[in-house]
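Protein chains: 4
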Amino acid sequence: MIIRILKAEGLAHNTYFLASGEEAVVIDPRREPADLRECLDLARESGAVIRYIFETHRNEDFVHGSLELQKATGATIYHGAGLPFKYGQPLQDGDRISFGKLSLLALETPGHTPESLIYVLYDQKYPDEPIAAFTGDALFVNSTGRIDLPGEAEKQVNAAKLYDSIHSKILSLGDQVVLYPAHGAGSVCGSGMGDRDWSTIGYEKRTNPHLKLSRDEFITYKVNEKFVRPPYFLKMEDYNLNGPPSLDSRSSPMPMGVQAFDEALRRKNAEVVDIRLPQAFGGGHIPGSYNIWLGGMALFPGWMFDYKTELLLVPYEDEDAWTADRFLCRIGFDKVPGYLSGGFEKWQNAAMPVEFTGQLPVDALKPLMDTSDIKLVDVREPREWQSGVVPGAILRFVGYLKADLPDVPRDRPVAVMCSVGHRGSLGASILQKAGFTQVYNVPGGFTAWRAKDYPVKPAR
Amino acid sequence: MIIRILKAEGLAHNTYFLASGEEAVVIDPRREPADLRECLDLARESGAVIRYIFETHRNEDFVHGSLELQKATGATIYHGAGLPFKYGQPLQDGDRISFGKLSLLALETPGHTPESLIYVLYDQKYPDEPIAAFTGDALFVNSTGRIDLPGEAEKQVNAAKLYDSIHSKILSLGDQVVLYPAHGAGSVCGSGMGDRDWSTIGYEKRTNPHLKLSRDEFITYKVNEKFVRPPYFLKMEDYNLNGPPSLDSRSSPMPMGVQAFDEALRRKNAEVVDIRLPQAFGGGHIPGSYNIWLGGMALFPGWMFDYKTELLLVPYEDEDAWTADRFLCRIGFDKVPGYLSGGFEKWQNAAMPVEFTGQLPVDALKPLMDTSDIKLVDVREPREWQSGVVPGAILRFVGYLKADLPDVPRDRPVAVMCSVGHRGSLGASILQKAGFTQVYNVPGGFTAWRAKDYPVKPAR
Amino acid sequence: MIIRILKAEGLAHNTYFLASGEEAVVIDPRREPADLRECLDLARESGAVIRYIFETHRNEDFVHGSLELQKATGATIYHGAGLPFKYGQPLQDGDRISFGKLSLLALETPGHTPESLIYVLYDQKYPDEPIAAFTGDALFVNSTGRIDLPGEAEKQVNAAKLYDSIHSKILSLGDQVVLYPAHGAGSVCGSGMGDRDWSTIGYEKRTNPHLKLSRDEFITYKVNEKFVRPPYFLKMEDYNLNGPPSLDSRSSPMPMGVQAFDEALRRKNAEVVDIRLPQAFGGGHIPGSYNIWLGGMALFPGWMFDYKTELLLVPYEDEDAWTADRFLCRIGFDKVPGYLSGGFEKWQNAAMPVEFTGQLPVDALKPLMDTSDIKLVDVREPREWQSGVVPGAILRFVGYLKADLPDVPRDRPVAVMCSVGHRGSLGASILQKAGFTQVYNVPGGFTAWRAKDYPVKPAR
Amino acid sequence: MIIRILKAEGLAHNTYFLASGEEAVVIDPRREPADLRECLDLARESGAVIRYIFETHRNEDFVHGSLELQKATGATIYHGAGLPFKYGQPLQDGDRISFGKLSLLALETPGHTPESLIYVLYDQKYPDEPIAAFTGDALFVNSTGRIDLPGEAEKQVNAAKLYDSIHSKILSLGDQVVLYPAHGAGSVCGSGMGDRDWSTIGYEKRTNPHLKLSRDEFITYKVNEKFVRPPYFLKMEDYNLNGPPSLDSRSSPMPMGVQAFDEALRRKNAEVVDIRLPQAFGGGHIPGSYNIWLGGMALFPGWMFDYKTELLLVPYEDEDAWTADRFLCRIGFDKVPGYLSGGFEKWQNAAMPVEFTGQLPVDALKPLMDTSDIKLVDVREPREWQSGVVPGAILRFVGYLKADLPDVPRDRPVAVMCSVGHRGSLGASILQKAGFTQVYNVPGGFTAWRAKDYPVKPAR
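Given below as structure tokens:
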């Protein structure tokens, strides 16, 4: 028996590969060539054939790879019956699918989405003794799935459903059952996840704060959880319900020289995304480019760009562009014509125009805040503001900044802050692109501010 | 938090690497260059420094890598207090060592060996809630550790100790605790291990047959378990108590041409070990060579050769010799001058002498058994005979065959059988080397015999 | 400037990747996924885009990858003007294509095929100083290309053309020019190739025996060269003229258990190919299977099977099946449903029927030949017989054996010999499949026979 | 026959591995663990044993790996007779060493160093026809070796010796001989090297400008070549004559957290080296650190630090520190205790002090130069100044800047320029460390200045 976790950095998503004897299954595959090849390689190395593909639910944060994997293997796709999927087969609560010496039992666990399933793993020799549960976005290590996605109006109902799913379907499996969730720390599908890939039901019952709440407390807590909902989730929902575009027609980005890159960025619908860290972006970048650090490419393009935009990448070194393209592929961005090969240095050596973004550490920011010589914009998520904000800061999540700038003053220097400085630099690049001229990122962000014991006030 | 299992194929041994923040620890490292490098690479990739090395007990089936890893990292070595180790620090029951945000609690669990420890993993945030237990050779998935090693006379006492260790120290940790044993299926340190790398205490309580026995039943069961004890265990015990020879003075085997190989095999103390599968060995080999299939190289050299012997390898392809050398290194064989580069074909192309070993499938064996025209030697372990043997077979475990041949008749063809044909071919090669001329291996062995529903009788 | 040789083991074919600045080209790509991926990876790592694909000629021994590579890159395909290719652009003698700081000059060099081109590499800074020549199948290290392929009747004419191509077009480039041929030692597109990947024109002029002949001597020599022409060459010519089937519809072979394999081999059009070495095949195989050692899979399937046959593989270990499938893909075999996962041992453990092939070393063969108690079939190529044959042997190249058996006696043991024993085992398996019962392969073959100084006579 | 080039990025040095049959040799191995492992792996994969190690000369720019490779293989080391090496065997002009089917002929070619040898490769079958020449630092692609190293006083004599070595020993081998030099473009052992790894003697005769000079012209040209001589060359000469320290006592750098790094940098003899690109360094770095970009770590530590200094690295991502350590190992720096794991961001998140370096693109520099509001320091090599300098610039090679600052004004902003901005940033960091407060690097450097057609004047 083989269980392998295929982690997606950035997304913090886990695909699971299971093999027993000559048969294998995959849970929640992603539509990205290297991810899919890894599934096929694991099967080959296990001497097994992928027979079934299980989806825990219609994901909103990445594109399902089920159809691509089916094309390569002929496997049957299964998912919940509660949505009108245009592909695959529905499973009902209690359905059990066998492979090798194992079986997976599907249990309906609505709450995060209406058609969510979890899959419980059994050795066929002990059909009443669950080994592990693949809990999708219902139960995480140290947390639970968000319930706001089906709609604001239904939050109360969905929180109650999730409570019941967790308590009646999952926890009742027994303390000894290993927990394999779909997401780890860093995912946007929940908050406060632990940094382990797995847990057990018993350990979660003892330590997961969400599981210590009464039904009413849980509902109240979940209804009040603050999440942002990226615009690209709608695209993912469409793709994952109706089937995404084939990867056959997707091409990898090409290495470009300065001239080719300069021509490409002048095209309508083209945007330059600088995927270097903020220090490097600050020390010189192509005017008009956005700064999304590499790890953020798993998520923030979905906030910043529509799916018609051609994305041109500026990497620190070429392979970072290849990684960024994997991230973009996972969230459905298929128009990535190329990247500046050799990185930003090639640009500056050709004496092309260069722009800078100031970096203002907290000890330099503090006196300017005291004298109001600068305006601070805190671009963290509402959820993060709950632990306190810098007095006087404008609060505007970076995902909304591009569309919502009116109250940011143009007559004064502006500093942008997030938790450590990544989203801050994205925010600063948005402001620079919008014509602001005295813009700073705050390196270290709120983390550094805290480390200095500078004043903090409650968010509201 | 990172937990990685470093598996040793053949040995079925698990080394564990754990990292949290900037600190890492290794449990039960092995003295083999690639194994050690993997530990160091994992640390480097985790951004962590290996601070501690934990030994669950003095192993008998491989050489500890603790001293080599200490040399590379400066880490502190810990082990049980019950043996006079010449290196490392003793831990008492209840000692707790912290690293990063985690800690490991040592618990004394004698039975398999007197100084056995298990290590229980905690998040420092929840110091009373165990996450996982590294149970060494005390509790396995679906089985428990053997208790015969400290000596025949003490089996009763040690079985009782193991029962108490498991029930009072391990099972009491709670159903929710994940179980990480030192061995998986295929190890010689127990029998009947499951084919999963991990389990939970709760799942084991429900399914592990050893845990369903009363104290008395358990003692009786363990005392009657039949194990063979390879002669090299003594060497391992010496090495692991007093410190093994340094790897600095060990050289990797050299590729050899036919002439160099032919010269080398004539040296006193040299033996040729053909590491190909039995079919290939049967279809042609160097006269006088032993046949130990690649997977068996993790164990059977310890039965066949003393530590002064120079081992010369004949691989199917060169990289198999490199793998075999890793296996040999793990069990302390440091004299492996070379291998026949290009494999056996190079030998036959030079018109060097060739010997064959007949392969006698069960449907050809059956009528010869019926007419007594052949003598069958069953070289499986006593434990395996318990499920039945072929009527008329001589029962002699392959590890004892070299020394104990008198009742094998020389006037008739002899067939050698094991479970599938690997050890059978080793047995056949032993007989050929001893001058027997009509020797056959039984491909498929007892497994194929069973598949044909041929007659089987109880062992005694 | 980057030049990389992508070698195909077995085929002994060289694809060339060249990059300069931001542009790259590929010469003679092969239609095999891993080969193509290697081209794309090299381009990516070089920061270059593949702009052009050059074909030296319509190859007969593998499928061109030009169209697949074009699909992935948009590159332009170039080849000779002398054949009505259904894809790509024709180049005339003297055409020069630039990329980065380099250029390639096309020169028409008919002889091996009518439309053969060589490509001469220049630094644009020195447009009159050739650096290297990619000579396709015209000039090899230590040899020259075969001239029999366009037809027996035209051999005289083509030999003359090749002489003129070499002497007037290639050698005149100057001693200092590096030579990069399309094939190395082991290719079927010539004989006697040296074991270096490259040479220089000057070194070849000094050492290549073909270049020391006068025009008349050369023509006589080439006309008398003995080559066999595999039936699959026709398919390759068709594919390479009109475009081969897309790789999109080709699936990789699946790992199969014993039952699935047993069902598959009973299908009409299915054949079992055992890709293990002859010793292993001899020591046990599935009845009715052909034995083609792994290295031979680059060639001999084209002699043995038509393109409708489903090939089922029996590997020594699983990854050998994956390698064999790469070889099959290169020569256009796209129906490879699966392989016996875990190898032949799985079969014998299930007590399935097993067949053997005797191995008769030369010292055992010799006395039997002396007494005519055995018939020997020499299955080497006619070209190899020129250096002598065993007196009394039937001479029949293995590629013709399946179709041409009448004079092989069925009343006596038959031994099959080739140069070392690989093709001998294929020949033996053909005879066994044809109902011969006393069949032996001669391990070491004619090489071992020679090593023993046993009698040899001229072929005719 | 196998020839493999093992390139060292940064150093632009080529080690050569050659194998024939069962024997292999290595030419000019480097003392770095991964380089040595690559030699051993190549041998193993070739089925060959490394018998001989050849040194072309006592190198000045890296540490020889001959003794380490000898320790691992038992191979014999050969080098020139003209220096009192404390290890290895001397070869005389005309000595020939055979391995497999090949041989290497040693020819004395003094000029670069007194004991320089080249090695000429022959197939034993054609003992009078050289295949290739390994020319060390005598003849490069498009250039020749520097002759200033044995001493200023002997330049005239050594230039003459080199001319004679090249013309009488190397060029006379014949146009057809392939040329394999010890260095490619970017090495400090010559200038103007071509970007190919190999050439032929004939091609060099036609295109290498050094070979078109008469003896007198050549001597004049070489005597006037301007090279800088790094202080670490003395250490390398000592190591390579007497044997370097063993790698056994060298440890790899450890990943460090902010606190550990902060403690380490306060130690006497410790220096912080920031190995990020100048943009990233400019956008924030640890105060007092030097900026040597990753590629420059193969060389510039030897200019900046003595061998007692402990080097602490700040990488962009951890693996860059591992690469930098390989570079340091090659030039004999063995004290590299650790690196800031997670990179500079970890530092800023902890609110530790941050320093910046301004980046002043050429279009911003130009008007400031016009008004003398800034002082420009050109830190390129004297050789580079020959193609022109910016009017008004102070000329001071970066290697001398640390020791020679008096004329750099402290009352005005200072900009530092090199060819593209790498050494400029090192220069700027030297000035900042020396207490200069208004310091700028010029991104794009003289290359960008040229691209803008800004005024340039002759160096002197």
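Residue numbers (the numbering used here), protein chains in the order written: chain B, 92 to 551; chain G, 92 to 551; chain U, 92 to 551; chain D, 92 to 551. From the three backbone atoms N, C-alpha and C, an ideal C-beta is built for every residue, glycine too. In this text, all values refer to a predicted model and were calculated from it rather than measured experimentally.
Using a threshold of 9 Å, state whether the C-beta atoms of residue i and residue j are closer than that.
i, j, result
"I118/G", "T200/G", "no"
"V481/D", "K543/D", "no"
"L431/G", "P175/G", "no"
"A115/G", "I96/G", "no"
"G429/G", "P344/G", "yes"
"Y107/B", "Y330/B", "no"
"G348/U", "E446/U", "no"
"S290/G", "I465/B", "no"
Near residue i, what residues of its chain come up, given a Cβ to Cβ distance below 6 Å and the 5 sequence neighbours on each side ignored?
i, result
"L253/U", "G202 and I238"
"K313/B", "I238 and A250"
"A519/U", "T448, V507, V530 and N532"
"N299/G", "N233"
What three-state label does DSSP hand residue i in the structure shown?
i, result
"I209/G", "strand"
"E295/D", "helix"
"I366/D", "coil"
"Y35/G", "Outside the displayed span of chain G (92 to 551) sits residue 35/G, for which this structure offers no information."
"I141/D", "strand"
"K317/U", "coil"
"K493/G", "coil"
"D184/B", "coil"
"H170/G", "strand"
"A484/D", "coil"
"D469/D", "strand"
"E146/U", "coil"
Quick one: is residue i near chain C, going by C-beta distance under 9 Å?
i, result
"V511/U", "In the structure shown, chain C does not exist; the protein chains are B, G, U and D."
Which residues share a DSSP beta bridge with residue i?
i, result
"R87/B", "The first residue shown for chain B is 92 and the last is 551, placing residue 87/B beyond what the model contains."
"L121/G", "Reading the sequence as shown, one finds Arg at residue 121/G and not Leu. Answer by DSSP bridge pairing, in chain order: H155/G."
"G449/G", "Y531/G"
"F190/D", "L193/D"
"A519/U", "DSSP, once it has assigned bridges, lists no residue as partnering A519/U."
Among the residues of its own chain, which have a CB less than 7 Å from the CB of residue i, if the five just before and after it don't count?
i, result
"P241/G", "T204, P205 and N249"
Going along the chain, which unbroken runs of the beta strand (DSSP E) with 3 or more residues stay wholly within the region 214-289 of chain B?
The region 214-289 of chain B contains these whole beta strand (DSSP E) runs: 221-227 and 269-272.
Counting only runs of 4+ residues fully inside the region 387-442 of chain U, write out the alpha helix (DSSP H) ranges in chain order.
Those alpha helix (DSSP H) runs which fall completely within the region 387-442 of chain U and span 4+ residues are 392-395, 409-421 and 435-440.
Runs of 4 residues minimum, wholly inside the region 318-385 of chain G: which ones carry the alpha helix (DSSP H) assignment?
Those alpha helix (DSSP H) runs which fall completely within the region 318-385 of chain G and span 4+ residues are 323-333, 349-356 and 369-373.
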